[in-house]
């Protein structure tokens, strides 16, 4: 009897990929869809990195509890209407030198974060591989993983390092999250996978071969949802990427640059008029879904840019976009994690409500809409942007959101069900400096 059970158990382990079911897919026209409803995926979200690297260590420095910190952040993130989460996993903190998945505090916190977001209906895209150290903005700290001392070019070829990545991907995707009791390869709320974070290939043939090898390993591990690859880094190799067996492409947008070391008081709305894809018309690109793995107008405190960027993303057919990165509330008072980025409901309330408005914009705008160019496109659908007063307003029949004091009158006060704002409006007078929700 014991022998029969053991054989059956080993059979399940070997063929568990047969039983996992897809929750999303990419159709022949490159549209990212839900399996059950066949509707288009439209998800606007954030990156969140507290389980790893500096975020993880900084919570320790403050003698705080990581899971309590995550609970607070997930609550605030959900209040902002965020429906998506993307995370590049610091594989160096969850693997050993051979690529085996290890039981580390960071893996436990990743599991916990995914579970807590799942409770709020927030979907996740994982990027399992992030080559390199875990220091920034500090010096690199010791980590057990096989990529900790490698540079990216060292990971694309060579049987030893390729096999380590395959081993890691297999074990990660077959890992059962103890907080959901679901393996990553079977979790319907892990809606897609991006293979590696910001690759820097310099050889087209090796790039295609590497991608296909990773795709095969991911599928053999039982992951059924779409697999994406970054094409915005080293895009001169776009033909090699599109030739590979991927379902979609990932892009980023940092329209104000990065790490200026000061706040730039400039009207950047003209910079986000349009998201341009240079290889838009390539035949091999037409059946690929499009997602924004990271975006942010770094080094600004403007509350008009997130909605404008969401508009431009939708006009360029993106179906998932994740701001980089939401600051943990226990760390946001100093913003030490990524100084060029700063977003937190308590500490940057206007930008936070701006993200809430952007999430609405992402749902409303279609790729065939035409709003003209700046400054004509500062009014579109239910949204208005005013750079002079640094105000974004979302004014629909049932919702009224604003990022700073506004004189705009709600369409119909009697029908409003949800108010979110900063400052004063025609219907709310508030002397505080934070955001409120009614």
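In our numbering, the protein residues as written are 8 to 445.
Even for Gly, the Cβ is constructed at its ideal location relative to N, Cα and C.
Cutoff 6 Å; reference residue 163; Cβ partners in own chain excluding five residues on either side: If you ignore the 5 residues before and after residue 163, its C-beta comes within less than 6 Å of the C-beta of 213, 217, all in its own chain and listed in chain order.
Residue 436 versus residue 427 - alpha carbon distance: 12 Å
Any 3 or more C-beta pairs closer than 8 Å across the stretch 258-268 and the stretch 301-314: yes
Bridge partner(s) assigned by DSSP for residue 327: In DSSP, residue 327 forms a bridge with 50, 298.
Whole beta strand (DSSP E) elements within the stretch 170-226, 3-residue minimum: 197-201
DSSP three-state assignment for residue 345, whether helix, strand or coil: coil
Span separating the alpha-carbon of residue 166 from that of residue 71: 42 Å
Span of the alpha helix (DSSP H) around residue 312: Residue range 312-322 is occupied by the alpha helix (DSSP H) that includes residue 312.
Minimum C-alpha distance to residue 32 - residue among 58, 296, 189: 296
Spatial distance of residue 172 from residue 221 (CA atoms): 8 Å
Within 8 Å, strictly: CB atoms of residue 1 and residue 365: Here the chain covers residues 8 to 445 and nothing more, so residue 1 does not appear.
Separation of residue 29 from residue 42, as counted between CA atoms: 7 Å
Strand pairing of residue 369, partner residues [DSSP]: Answer is none; residue 369 lacks a bridge partner.
Cutoff 8 Å: residue 227 Cβ touching any chain B Cβ: Considering every chain present, this structure includes no chain B. It has just one protein chain.
Burial state of residue 67, where buried means 16 or more other Cβ atoms lie within 10 Å: exposed
Member of 240, 299, 247, 35 whose CA lies at the smallest distance from the CA of residue 369: 299
C-alpha distance - residue 374 paired with residue 38, whole-angstrom precision: 12 Å
N-terminal and C-terminal residue of the beta strand (DSSP E) that residue 259 is part of: 255-260 is the extent of the beta strand (DSSP E) around residue 259.
Reduced DSSP category for residue 62 - H, G, I as helix; E, B as strand; rest coil: helix
Pairwise C-alpha distance: residue 131 and residue 292: Between the C-alpha atoms of residue 292 and residue 131 there is a straight-line separation of about 24 Å.
Backbone CA spacing between residue 289 and residue 272 [nearest angstrom]: 38 Å
Residue 388 to residue 328 span [Cα, whole Å]: 19 Å
Selection from 385, 156, 377, 183 that minimises the alpha carbon distance to residue 276: 385
Between the CA atoms of residue 236 and residue 256 - distance to the nearest angstrom: 5 Å
Bridge-paired residues (DSSP) for residue 428: 409, 443
Unbroken beta strand (DSSP E) run spanning residue 113, endpoints: Premise fails: residue 113 lies in the alpha helix (DSSP H), 112-126, not in any beta strand (DSSP E).
Cβ contact (3+ pairs, closer than 8 Å) linking the stretch 399-415 and the stretch 376-384: no
Residue interval of the alpha helix (DSSP H) (run including residue 247): 245-250
Reduced DSSP category for residue 286 - H, G, I as helix; E, B as strand; rest coil: Residue 286: coil per DSSP, three-state reduction.
At least 3 beta-carbon pairs within less than 8 Å: the stretch 198-211 vs the stretch 127-145: yes
Euclidean distance between Cα positions of residue 470 and residue 62: Because the chain in this structure spans residues 8 to 445, residue 470 falls outside the shown range and cannot be described.
Cutoff 7 Å; reference residue 20; Cβ partners in own chain excluding five residues on either side: Confidence at residue 20 is low in this model, with a pLDDT of 48, below 50, so the placement of that residue is unreliable and no value is reported for it.
For residue 39, the residue or residues it bridges with in DSSP: DSSP output for residue 39 lists 33 as bridge partner(s).
Residue 433 - DSSP class collapsed to helix/strand/coil: Residue 433 carries a coil assignment under DSSP once its states are collapsed to helix, strand and coil.
CB of residue 224 within 8 Å of CB of residue 176, strictly: yes
Cβ-Cβ distance between residue 316 and residue 279 below 8 Å: Yes, the Cβ-Cβ distance between residue 316 and residue 279 is below 8 Å.
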